[in-house]
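So the number in this note's numbering is just where the residue sits in the sequence shown, counting from 1, plus 17.
The C-beta atom is built at its ideal place from N, Cα and C for all residues, glycine as well.
Below is one structure; the comments refer to it alone.
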Amino acid sequence: SGSSWTGGGSYFRMAFRSSGNVFTVDSNAQLITSATYVNMGGNSGSFTSQSNSLIVTNGGRFVIAGAATPAIGSFSSNNTLVVTGTNSQFTMAGSYNLVVGDAGDNNILRVANGGVFSNSSVTGVIITHTTDGNAANNSVVVTNGGKMYTKDVVYVGYVGVAIVIQSNKMVVTGPDSLFNCGVGLRV
18 SGSSWTGGGS YFRMAFRSSG NVFTVDSNAQ LITSATYVNM GGNSGSFTSQ
68 SNSLIVTNGG RFVIAGAATP AIGSFSSNNT LVVTGTNSQF TMAGSYNLVV
118 GDAGDNNILR VANGGVFSNS SVTGVIITHT TDGNAANNSV VVTNGGKMYT
168 KDVVYVGYVG VAIVIQSNKM VVTGPDSLFN CGVGLRV
């Protein structure tokens, strides 16, 4: 069996205000957090955060157990969450919507090769949500046997008060890939 880490608090930030970082949950390890804010590649002020990766692979598990609103690429660009490999899981047990590209560009959630993304709470996934800024070319890709389960609506291009929201996408492709959405897909 692999290693385990459990923690709470207000914040769980990966690569906040920094660039080029890789955070990996691998080889049957698990990370469980009940933090209120869970962010990967976030920005604030004049700091730049880009090209960061969170990789869950080889049976690793990343679990968000608390009431968080996790974000990939909040006010930042080119950040990636990858869930890949048999028995690899990214689970949102008590969270709100996962936001991919909150006022950021070119951010990706990729579920592949038997990896599983699940949101068992009452909310779904928002691909691009912004209340102040642009958001373009963000995507969720489920491919080659990846599985994605959500209980609520998946939004592609959810608008607050944005200047430009364009070219955001949801792609499901390859053998045995599955996208199971409880309520619907809104584009």
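- A distance below 8 Å between beta-carbons, with the five flanking residues on each side excluded, links residue 184 to the following residues of its chain, in chain order: 153 and 154.
- Secondary structure of residue 196 (DSSP, three-state): strand.
- As DSSP reads the structure, residue 56 sits in a beta bridge with 30 and 88.
- The criterion of a C-beta distance shorter than 8 Å is not satisfied by residue 93 and residue 70.
- For residue 46 and residue 108, the gap between their C-alpha atoms comes out near 14 Å.
- Secondary structure of residue 163 (DSSP, three-state): coil.
- About 5 Å separates the beta carbons of residue 117 and residue 89, which is inside the 8 Å limit, making them a contact pair.
- Contact check for residue 135 against residue 166 passes: the beta carbons are separated by less than 8 Å.
- Closest in C-alpha terms to residue 161, from the list 169, 115, 114 and 99, comes 99.
- Distance from the CA atom of residue 123 to the CA atom of residue 187, rounded to whole angstroms, is 13 Å.
- Put simply, the backbone Cα of residue 48 is about 28 Å away from that of residue 190.
- Residue 95 and residue 79 have their C-alpha atoms some 21 Å from each other.
- Straight across, the Cα-Cα distance linking residue 82 with residue 159 is about 23 Å.
- Closest in C-alpha terms to residue 164, from the list 196, 68 and 171, comes 196.
- The straight-line gap separating the alpha-carbon atoms of residue 106 and residue 53 is approximately 20 Å.
- Note that the C-beta distance between residue 171 and residue 202 is below 8 Å.
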